[in-house]
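Going down the list, the sequences are from chains A and B.
Quick note, our numbering runs 21 ahead of the 1-based positions in the first sequence.
Quick note, our numbering runs 369 ahead of the 1-based positions in the second sequence.
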Amino acid sequence: MIPAELLAQVGILVAAALTLVTLSYIFGDHPIFRVVLHIFIGAAAGYAGAIAVQDVIFPQLIFPAIELASGASTLDTVDVGMRLGLSALLLTKLSPHTARFGNPVTAMLVGVGAALAIGGAIQGTLLPQINSSAQIFDVAGFDLALQGGYYGESLSIVLQGMLALLAMVSTLAYFHFGAEGRGKQTPQRNILVDVLAWAGSVFIAITLATLFSGVLLSGMGALTERLDFLYKTLSVLLGTP
Amino acid sequence: MKLRAPISTAVAISFGLLVLLGIFIPDLADFRNRILNWAMLLAAMALLLGLLNLAQVHWQRIRGRETPVYSAVLLIAMVVTFAVTLLQGSDSETAEWIFNYLVVPIETSLMAVLAVSLTLAAARVFQQRTELMNTVFIATLLLLLIGAGPLFGVELPYFTRVLNPYINNVLALGAMRGLLIGVALGTITTGVRILIGADRPYGA
């Protein structure tokens, strides 16, 4: 049995080496980086697969099947039978010769996924977003500012609400591609939609920049953390404080 | 007209409609939950199937001497991690060692590399074309980065406390709401197309 402390020290050295190799990709691709990338893909896939087997396949398929086979089960036979049957059909996808038998099971997954996506989009995105859009104007804040005589503040609340509303509507207009036919002329978008779409492109650029800066800052955070880790590991190795 | 994949289409439509109706009809909730449990099991089985397929592809690459070293490394890492995590449990010392000293450092380092790649990509966008959208994008990005925190130890209050929240909470929020509504409408359309059998992404 390897002592836990030694295991941790070896781990830190391995992590430092892997970090250095991965960061070296900044200067260009090389075979050692590819080896590290394949280690990562293998380990991550193996870990995800083991968790799926441990947390889902064992408790939902293997254990109920064993219980049913032992004869002392109180489980629903039809339910366990369906689970076994569906899983077996899905496994036929492993070979190109039998893959077509698995198509109905894939279809079931797609159908259920589509239904969940529709429900999720309506209940999780569309209704909450429409509800929030209805409250885009801070009415309570506007009222309070008006009563207090802060007219500048109340005007600012109205302008901010209008700007947010314009941003939302123009973004939706940007993705409107309907065009009207005009005799022999090429179909053209409505002029109002065209103007709104132009404004929408500006707002979309701002939003994409916001998202980009978020990812960039996360990346910077990760870079700082890794450089700090390397610095500390190197300090320990060289014996400097 | 010959209908393509009639059984699969019928299965997709019927199971999809049952799950969708289960949201609105309480009497169908039990049956809906049962279908969802089956789907969850099938999703885990599909993940396992993907793992087996990955192993199969890389085993063939080793046999065909097509990048055998990379494939061998991937297979060893996958088999060892899978076996250790499954046999000893995900909270065992060895599984945690693999996760903390192999997976996490590489993942975080790749995120760090992303920061450099994104910076270069942003610079290239500005170099190649100076259109309105690019200019707005770069200008907003610079303002947001300046306002993200103290710059060389100096805080710029107008950027951090006024401009940054204004861009995030007013300008970007409205457009983000528009984008989210657009994505939700697109998702509903795609889902409905599957449920009426117009799209069949599950083989013939």
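Beta carbons are placed, not taken as given, at the ideal position from N, Cα and C, and that holds for glycine.
Item to check | Between the CA atoms of T556 of chain B and G140 of chain A - distance to the nearest angstrom | outcome: To locate residue 140 of chain A, count along the first sequence from 1; it is residue 119. To locate residue 556 of chain B, count along the second sequence from 1; it is residue 187. Here the alpha carbons of T556 of chain B and G140 of chain A stand approximately 10 angstroms from one another.
Item to check | Chain-order list of residues whose beta-carbon lies under 7 angstroms from that of R121 of chain A (same chain, five-residue window excluded) | outcome: Taking the first residue of the first sequence as position 1, residue 121 of chain A is located at position 100. So the list is empty, once near-sequence residues are dropped.
Next on the checklist: Tell me the DSSP secondary structure of R498 of chain B in three-state form.
Outcome noted: By 1-based counting over the second sequence, the position of residue 498 of chain B is 129. DSSP places R498 of chain B in coil when its eight states are reduced to three.
Next on the checklist: Determine whether the beta carbon atoms of L423 of chain B and L115 of chain A lie at a separation below 9 angstroms.
Outcome noted: Indexing the second sequence from 1 puts residue 423 of chain B at position 54. Indexing the first sequence from 1 puts residue 115 of chain A at position 94. Result no, Cβ atoms of L423 of chain B and L115 of chain A do not sit closer than 9 angstroms.
Checklist entry - With distances taken between CB atoms, is the gap from W407 of chain B to L107 of chain A smaller than 9 angstroms? => result As a first step, residue 407 of chain B must be located in the second sequence, where it is residue number 38. As a first step, residue 107 of chain A must be located in the first sequence, where it is residue number 86. Yes, the pair counts as a contact, with Cβ atoms nearer than the cut-off.
Checklist entry - Is L548 of chain B close to chain A, meaning its C-beta is less than 9 angstroms from at least one C-beta of that chain? => result If you number the second sequence from 1, residue 548 of chain B lands on position 179. Taking Cβ atoms only, chain A reaches closer than 9 angstroms to L548 of chain B, which makes this a yes.
Checklist entry - Where in the stretch 443-474 of chain B do unbroken runs of the beta strand (DSSP E), each at least 3 residues long, occur, reported from the N-terminal end onward? => result If we require 3 residues or more, the stretch 443-474 of chain B turns out to have no beta strand (DSSP E) run fully inside it.
Next on the checklist: Quick check on Q206 of chain A: does DSSP put it in helix, strand or coil?
Outcome noted: Within the first sequence, numbered from 1, the residue matching residue 206 of chain A stands at position 185. Strand at Q206 of chain A.
Next on the checklist: Per DSSP, what are the beta-bridge partners of V523 of chain B in this structure?
Outcome noted: The count along the second sequence starts at 1 and reaches residue 523 of chain B at position 154. Per DSSP, the beta-bridge partners of V523 of chain B are B:L520.
Next on the checklist: For S478 of chain B and G240 of chain A, what's the separation of their Cα atoms in angstroms?
Outcome noted: Within the second sequence, residue 478 of chain B is the residue found at index 109, counting from 1. Within the first sequence, residue 240 of chain A is the residue found at index 219, counting from 1. Taking the straight line joining both Cα atoms gives about 9 angstroms.
Item to check | Expected contact under 8 angstroms - CB spacing of M409 of chain B and V77 of chain A to nearest Å | outcome: The count along the second sequence starts at 1 and reaches residue 409 of chain B at position 40. The count along the first sequence starts at 1 and reaches residue 77 of chain A at position 56. About 6 angstroms; that satisfies the 8 angstroms criterion.
Checklist entry - Ordered along the chain, which non-local residues of its own chain (more than five positions away) have a Cβ less than 8 angstroms from that of G182 of chain A? => result Within the first sequence, the letter at position 161 stands for residue 182 of chain A. The residues are I157, F158 and D159.
Next on the checklist: I want to verify the contact list: residues of chain A whose CB lies under 8 angstroms from the CB of G551 of chain B, in sequence order.
Outcome noted: Looking up residue 551 of chain B in the second sequence gives position 182. T192, L193 and F196, listed in chain order.
Item to check | Exposure of Y46 of chain A, with buried meaning 16 or more beta-carbon neighbours within 10 Å | outcome: One-based indexing of the first sequence puts residue 46 of chain A at position 25. Classification for Y46 of chain A: buried.
Checklist entry - If you draw a straight line from the C-alpha of V531 of chain B to the C-alpha of G199 of chain A, how long is it? => result Looking up residue 531 of chain B in the second sequence gives position 162. Looking up residue 199 of chain A in the first sequence gives position 178. Rounded to whole angstroms, V531 of chain B to G199 of chain A spans 39 angstroms at the Cα level.
Checklist entry - Of all the CB atoms in chain A, is at least one closer than 9 angstroms to the CB of T454 of chain B? => result Here residue 454 of chain B is taken as the residue at index 85 of the second sequence, counted from 1. At least one CB of chain A lies nearer than 9 angstroms to the CB of T454 of chain B.
Checklist entry - Which whole-angstrom value is the C-beta distance of A374 of chain B and G67 of chain A, which I expect to be below 8 angstroms? => result Residue 374 of chain B sits at position 5 when you count from the first residue of the second sequence. Residue 67 of chain A sits at position 46 when you count from the first residue of the first sequence. Contact doesn't hold; Cβ gap of about 34 angstroms is too wide.
Next on the checklist: Given this structure, state the Cα-to-Cα distance separating L443 of chain B from L416 of chain B, to the nearest angstrom.
Outcome noted: Translated into positions along the second sequence, residue 443 of chain B becomes position 74. Translated into positions along the second sequence, residue 416 of chain B becomes position 47. For L443 of chain B and L416 of chain B, the gap between their C-alpha atoms comes out near 17 angstroms.
Checklist entry - What's the C-alpha gap between I462 of chain B and F521 of chain B? => result Reading the second sequence from its first residue, position 93 is the one you call residue 462 of chain B. Reading the second sequence from its first residue, position 152 is the one you call residue 521 of chain B. Going by the sequence as given, residue 462 of chain B is Glu instead of Ile. Approximately 42 angstroms between the Cα atoms of the pair.
Next on the checklist: Quick check: does the Cβ of P208 of chain A come within less than 8 angstroms of any heavy atom belonging to the ligand GTP?
Outcome noted: In the structure on display, the ligand GTP does not appear, and there are no ligands present to speak of.
Checklist entry - Would a check of beta-carbon distances place L246 of chain A closer than 9 angstroms to chain B? => result Here residue 246 of chain A corresponds to residue number 225 of the first sequence, with the count starting at 1. The sequence shown places Glu at residue 246 of chain A, not Leu. At least one chain B Cβ lies under 9 angstroms of E246 of chain A.
Item to check | Per-residue burial, V448 of chain B [other beta carbons within 10 Å of its own, 16 or more giving buried] | outcome: Locating residue 448 of chain B in the second sequence gives position 79, counting from the first residue. Exposed, by the Cβ-count rule.
Next on the checklist: Strictly below 8 angstroms CB to CB, what residues from chain C border R55 of chain A?
Outcome noted: No chain C is present in this structure, whose protein chains are A and B.
Item to check | R546 of chain B versus A128 of chain A - alpha carbon distance | outcome: Along the second sequence, read from residue 1 onward, the residue named residue 546 of chain B stands at position 177. Along the first sequence, read from residue 1 onward, the residue named residue 128 of chain A stands at position 107. Roughly 32 angstroms between the two C-alpha positions.
Next on the checklist: Rounded to whole angstroms, what is the Cα-Cα separation between L193 of chain A and D568 of chain B?
Outcome noted: In the first sequence, residue 193 of chain A corresponds to position 172, counting from 1. In the second sequence, residue 568 of chain B corresponds to position 199, counting from 1. Each residue's alpha carbon lies about 25 angstroms from the other.
Checklist entry - Should the stretch 499-510 of chain B be called in touch with the stretch 375-392 of chain B, which here means at least 3 C-beta pairs below 8 angstroms? => result Touching, no.
Checklist entry - When the Cα atoms are used, what is the spatial distance from Y171 of chain A to F163 of chain A? => result If you number the first sequence from 1, residue 171 of chain A lands on position 150. If you number the first sequence from 1, residue 163 of chain A lands on position 142. Straight across, the Cα-Cα distance linking Y171 of chain A with F163 of chain A is about 9 angstroms.
Checklist entry - Among A:I212, A:S191 and A:Y195, which has the Cα closest to the Cα of E201 of chain A? => result Mapped onto the first sequence, residue 201 of chain A falls at position 180. Nearest C-alpha to E201 of chain A: A:I212.
Next on the checklist: How far does the alpha helix (DSSP H) with Q168 of chain A in it extend, from its first residue to its last?
Outcome noted: The residue you call residue 168 of chain A lines up with position 147 of the first sequence. Segment V160 to Q168, the alpha helix (DSSP H) holding Q168 of chain A.
Item to check | Straight-line gap, V388 of chain B to I151 of chain A (C-alpha atoms, nearest Å) | outcome: Walking along the second sequence from the start, residue 388 of chain B turns up at place 19. Walking along the first sequence from the start, residue 151 of chain A turns up at place 130. So the alpha carbons of these two residues sit roughly 24 angstroms apart.
Checklist entry - Using the rule of at least 16 other Cβ atoms within 10 Å of the residue's Cβ for burial, across every protein chain shown, is A490 of chain B buried or exposed? => result Taking the first residue of the second sequence as position 1, residue 490 of chain B is located at position 121. By the neighbour-count definition (other C-beta atoms within 10 Å, threshold 16), A490 of chain B is an exposed residue.
Item to check | Cβ separation of Y439 of chain B and V56 of chain A, assumed to be a contact under 8 angstroms, to the nearest whole Å | outcome: Taking the first residue of the second sequence as 1, we reach residue 439 of chain B at position 70. Taking the first residue of the first sequence as 1, we reach residue 56 of chain A at position 35. Confirmed, Cβ separation roughly 7 angstroms.
Checklist entry - With burial defined as no fewer than 16 other Cβ atoms inside 10 Å of the residue's Cβ, what is the status of L110 of chain A: buried or exposed? => result Walking along the first sequence from the start, residue 110 of chain A turns up at place 89. Burial state of L110 of chain A is buried, judged by a 10 Å Cβ sphere holding 16 or more other Cβ atoms.
Checklist entry - Is the beta carbon of R401 of chain B sitting closer than 9 angstroms to the one on L390 of chain B? => result Start at 1 with the first residue of the second sequence, and residue 401 of chain B comes out as number 32. Start at 1 with the first residue of the second sequence, and residue 390 of chain B comes out as number 21. A contact, by the Cβ cut-off of 9 angstroms.
Checklist entry - According to the Cβ coordinates, are A541 of chain B and F224 of chain A closer than 9 angstroms? => result Reading the second sequence from its first residue, position 172 is the one you call residue 541 of chain B. Reading the first sequence from its first residue, position 203 is the one you call residue 224 of chain A. For A541 of chain B and F224 of chain A, yes; Cβs fall inside 9 angstroms.
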